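Right, one structure below, let's go through it.
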Amino acid sequence: MTQLLYPYRSLFSPVKVNSLTLKNRLVMAPLGNISMASETGRPDPAMIAYFEERGRGGVGLITSGLVPVSFGIDHSLSEPGGLTYFPKILGSRTYYAGWRDLAHAVHAAGAHFFIQLSAGLGRVGNPQCLVNQKKFPVSSSLNPNYYLPAVPCLPLSGRKLKKIVRNFGQAAADSQVATIDGVYLHGHEGYLLEQMSNRAFNRRKLGRYADWQAFGIDIVKEIRERTGPDYPI
């Protein structure tokens, strides 16, 4: 078996992530879970069954798709009436119960589960919010929307960015209590966290977040403060 796995001889051996031991090094990467939860954002039985089935396949770690923590700030995340295509974890105990049930199902299938927390979409969000909510999309600075460059994405204030940071901490703390094993930070491919960390999009001149590294650092510090030293990030 070892020879057959060359050069990946350690693929099926355990590995530690902070205090967590995974049974192997097979990880289901974050994939889009748009429209998998209910329209209110609660993980529903179909979403739970989806992740549970993948846990039965023998993978060591499963990760959710992006779960925004910036509802009410990033207007592209919601539809009129507060409905959304994305799962939620903040704002209602019913969301928490859904994530707890999902984590328990994945654990029963033999895998561990991380939640991918997102600062939001920023300039890659749907500009339709300008039509159906009369609110502009947002970004790190005044940037064109990715899909409709004629639509400006307004810069988030320092106060709102600090609110997102606090929301990360609360979402991570809720995840920990819901027996979710750790958190991923959604920072790739032009989404809001990446926009804040990219000098091409973050052209702020004043305040804490003119430093392109500050937003991500503050998020990690906030999560660590809320969850303790051992919770995997």
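End of the sequence shown = 215 in our numbering, gap-free, step of one. Cβ atoms here follow ideal geometry from the backbone N, Cα and C, with glycine treated the same way. Bear in mind that the values here come from a model prediction, so they are computed numbers and not experimental data.
L174 is positioned such that its CB atom lies closer than 8 Å to that of A101. Note on Y166: 16 or more other CB atoms within 10 angstroms of its CB, so buried under the neighbour-count rule. L112 has its alpha-carbon roughly 10 Å from the corresponding atom of P134.
From the listed residues V51, K5 and A155, the smallest Cα separation to G39 is found for K5.
In the DSSP assignment, the residues bridged to H168 are S100. Check the Cα spacing between H168 and each of F183, I97, S121 and F53: the tightest is with I97. Per DSSP, reduced to three states, the secondary structure at L43 is strand. One Cα belongs to N15, the other to F33, and the distance between them is close to 10 Å. Rounded to whole angstroms, the separation of the alpha carbons of H170 and R7 is 22 Å. Scanning its chain for C-beta atoms nearer than 6 Å, with the 5 sequence neighbours on each side dropped, one finds around A192 the residues R186, in chain order. Taking 3 residues as the shortest admissible run, the stretch 58 to 122 contains the following complete beta strand (DSSP E) segments, listed from N- to C-terminal end: 94 to 100.
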